[in-house]
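**Q** Questions regarding the structure given below will be posed in turn.
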Amino acid sequence: MITIATLKTQTWKDLAELAKSKGLSGYHSMRKDELVKLLAKSAKAKAARKSAPKSTAVKATARPAASSRSVVKPVAKTASVKSPAAVKNGKPAANRVSSRASAPAAAVARAKAAPTPPKVNPRVAERIQRVHAERERLKDLSGSLGHVVSGGGKKRNSPDKDRVVLMVRDSYWIQACWQVLRTSVKRAEAALAEHWHTAKPMLRLLEVDGSNTTSTSERVVREVEIHGGVNNWYIEVNNPPQSYRVDLGYLAANGKFYTLCRSNAVSTPLPDSTSEIDENWSDIAENYEKVFALSGGYSEDGNSGELRELFEERLRRPMGPPNGNGSQFGMGADRILHKHREFQFQVDAEMIIYGSTKSDARVTLAGEPVKLRSDGTFTIRLAMPDKRQVLPVVAASADGVEQRTIVIAVERNTKVLEPMVREAND
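According to UniProt numbering, the stretch in the sequence shown is residues 1 to 426, in order.
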């Protein structure tokens, strides 16, 4: 039988191998003295299990022989000597030994159990939830649809499609107005997948080059970060006149851009060609024709439908073509539309060429000499017929050593449309 003294003479590694061979658990984290106790208890339990059947057999034999007291007493005494722990408090010894053997394993299991997580402060948790909700609100571009109220105090009907409309405010500012459905935001979230958490709502500004009549090229100028809770944004642009359009969508951290909708194309005017327009819809109502025209509302390319819808919704008035109703002809137009009258309309054009050089230089235009002023400047007014003209302008120095030439090509193409007469009931 293994004793405690024998076990203490062995190393921890030998004791661990012995515990492993006996099928004991939890010995990895025990010290040597704990291993010794565990192995000793295991040996005692094994010895108790071996002696338990013998005492039971003796007791079973003693019951039929109850008539002979001299035989029964020694047998009972022998059983109590061999296994004093066999019967105590009416409980079998085998059960008691097994519970003792399983006690260290249960203690080790409890020690290995994961520690309970620390309690989170309710205030901190609430603040984290608020920050998360605010971040999601600023990312949701459809968040402002339910709060749009018309002048009569009634909510306008939600749109049935996504749209972004671009308007010209002046030479250096354009305004984007959008309406996005909640389902479209959900589709963007599903399309971006794991990149949705890093995605930001953006307006991608594109420069449109329509100089080539057969095709149109676009170049990304920059991306303007926006946020939810609003439905319009002002964008600063440079180098007027220039044509622009915007894409509304989400830009992820990996560079992927998910487009929700695309705007119409607009062209900014020259700085001196239009006055500044204020930045609210009340002033747009006063200058709606100017803003509508500058934003491409009267263009013939058929892309002004969404712009027209936006103006009609916000201003609550129809946006017809220029001179599109009888009221624009003035008072009494209905009375005179059918009367014969000599209405005339003529348009002509001329060209002015001007420049400057040395006061003693010689300048010719298409071979004809040009008279210079005392400061070397000159101005020429020419007729502009319906044809293409190539006009070389040549300047030569007084000594005749140097000569410079600038060629101007101009073409006039005038088209006269058929007159249109509206009926009185139109």
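For glycine and all other residues, C-beta sits at the position ideal for the given N, C-alpha and C.
#1: In whole angstroms, what is the alpha-carbon distance linking residue 256 and residue 243?
#2: Should residue 203 and residue 174 be called a contact, given that it needs their Cβ atoms to be closer than 8 Å?
#3: In the DSSP assignment, find the alpha helix (DSSP H) that holds residue 135 and state where it starts and stops.
#4: Could you check the C-alpha separation between residue 97 and residue 12 for me, to the nearest Å?
#5: Taking the alpha-carbon of residue 404 as reference, which of 197, 412, 393 has the nearest alpha-carbon?
#6: Shortest alpha-carbon distance to residue 141 belongs to which of 181, 160, 161, 269?
#7: What does the alpha-carbon distance come out to for the pair residue 396 and residue 377?
#8: Buried or exposed for residue 344, please, with buried defined as at least 16 other CB atoms from any protein chain shown within 10 angstroms of its CB.
#9: Per DSSP, what kind of secondary structure is residue 91 in: helix, strand or coil?
#10: Which class does residue 402 belong to by DSSP, given the choice of helix, strand or coil?
#11: Comparing C-alpha positions only, which one of 382, 381, 361 sits nearest to residue 372?
#12: Can you say whether residue 235 is buried or exposed, counting buried as having 16 or more other CB atoms within 10 angstroms of its CB?
#13: Secondary structure at residue 225, three-state DSSP: helix, strand or coil?
#14: Taking a contact to mean a Cβ-Cβ separation below 8 Å, would you say residue 351 touches residue 384 in this structure?
#15: In the DSSP assignment, the alpha helix (DSSP H) including residue 4 goes from what residue to what residue?
#16: Going straight from the alpha carbon of residue 164 to that of residue 192, what length do you get?
#17: Which residue from 363, 410, 379, 388 puts its Cα closest to that of residue 398?
#18: Can you look up residue 251 in the DSSP assignment and give me helix, strand or coil?
#19: Is the Cβ-Cβ distance between residue 205 and residue 246 less than 8 Å?
#20: Would you tell me roughly how many angstroms separate the C-alpha atoms of residue 184 and residue 130, rounded to the nearest one?
#21: Identify, in the order they occur along the chain, each residue of the same chain with its Cβ nearer than 8 Å to the Cβ of residue 40, setting aside the five sequence neighbours on each side.
#22: From which residue to which residue does the alpha helix (DSSP H) around residue 348 run?
#23: Would you identify the three-state DSSP class for residue 207, choosing helix, strand or coil?
#24: Does residue 27 pass the burial test, meaning 16 or more other C-beta atoms within 10 Å, or should it be called exposed?
#25: Do you know whose CA, among 388, 269, 251, lies nearest residue 167's CA?
#26: Shortest alpha-carbon distance to residue 222 belongs to which of 199, 232, 238, 391?
#27: How many angstroms separate the CA atom of residue 250 from the CA atom of residue 177?
#28: What's the call for residue 346, buried or exposed, on a 16-neighbour Cβ count within 10 Å?
#29: Checking the sheet assignment: what are the DSSP bridge partners for residue 265?
#30: What does the alpha-carbon distance come out to for the pair residue 413 and residue 387?
#31: Pick helix, strand or coil for residue 184, following the three-state DSSP scheme.
#32: DSSP has residue 232 in a bridge; who is on the other side?
#33: Taking Cβ to Cβ, would you say residue 201 is nearer than 8 Å to residue 228?
**A** In short, the structure shows the following:
#1: Take the alpha-carbon of residue 256 and the one of residue 243: they are about 25 Å apart.
#2: At a Cβ-Cβ threshold of 8 Å, residue 203 and residue 174 do not count as neighbours.
#3: Taken as a continuous stretch (DSSP letters only), the alpha helix (DSSP H) holding residue 135 covers 122-139.
#4: Only weak support is given to the placement of residue 97: the predicted model assigns it a pLDDT of 48, under 50, and the question is left unresolved by the model.
#5: Ranking the options by Cα distance to residue 404, first place goes to 393.
#6: Residue 181 is the option with its Cα nearest to residue 141.
#7: Cα to Cα, residue 396 sits roughly 14 Å from residue 377.
#8: Exposed, by the Cβ-count rule.
#9: Any reading at residue 91 must be qualified, since the residue scores a pLDDT of 49, below 50, and its modelled position is unreliable; the value itself is stated next. In this structure, DSSP gives residue 91 an extended state, which the three-state scheme calls strand.
#10: DSSP places residue 402 in coil when its eight states are reduced to three.
#11: Out of 382, 381, 361, 361 has the C-alpha closest to the C-alpha of residue 372.
#12: If you draw a 10 Å sphere on the C-beta of residue 235, you find 16 or more other C-beta atoms in it, and that means buried.
#13: In the structure shown, residue 225 sits in a strand (DSSP, three-state: E or B).
#14: Judged by beta-carbon spacing, residue 384 lies within the 8 Å limit of residue 351, meaning their Cβ atoms are closer than that value.
#15: Looking at the DSSP string, the run of the alpha helix (DSSP H) that includes residue 4 is 4-8.
#16: In a straight line, the C-alpha of residue 164 is about 21 Å away from that of residue 192.
#17: Residue 363 is the option with its Cα nearest to residue 398.
#18: DSSP places residue 251 in strand when its eight states are reduced to three.
#19: Inclusion of residue 205 and residue 246 in the CB contact set at 8 Å is warranted, their separation being smaller than that value.
#20: Near 24 Å, if we compare the C-alpha coordinates of residue 130 and residue 184.
#21: Closer than 8 Å at the Cβ level, and outside the excluded window around residue 40, lie 2, 3, 4, 7.
#22: It is not in any alpha helix (DSSP H) - residue 348 carries neither H nor E in the DSSP assignment.
#23: Correct three-state label for residue 207: strand.
#24: Buried, since its Cβ has 16 or more Cβ neighbours within 10 Å.
#25: Among 388, 269, 251, the Cα nearest to that of residue 167 belongs to 269.
#26: That would be 238, whose Cα lies nearest to the Cα of residue 222.
#27: Residue 250 and residue 177: Cα-Cα distance of roughly 16 Å.
#28: Result: exposed.
#29: None; residue 265 has no bridge partner.
#30: Taking the CA atoms as reference points, residue 413 sits about 7 Å from residue 387.
#31: Secondary structure of residue 184 (DSSP, three-state): helix.
#32: Beta-bridge pairing links residue 232 to 177.
#33: Less than 8 Å divides the Cβ of residue 201 from the Cβ of residue 228.
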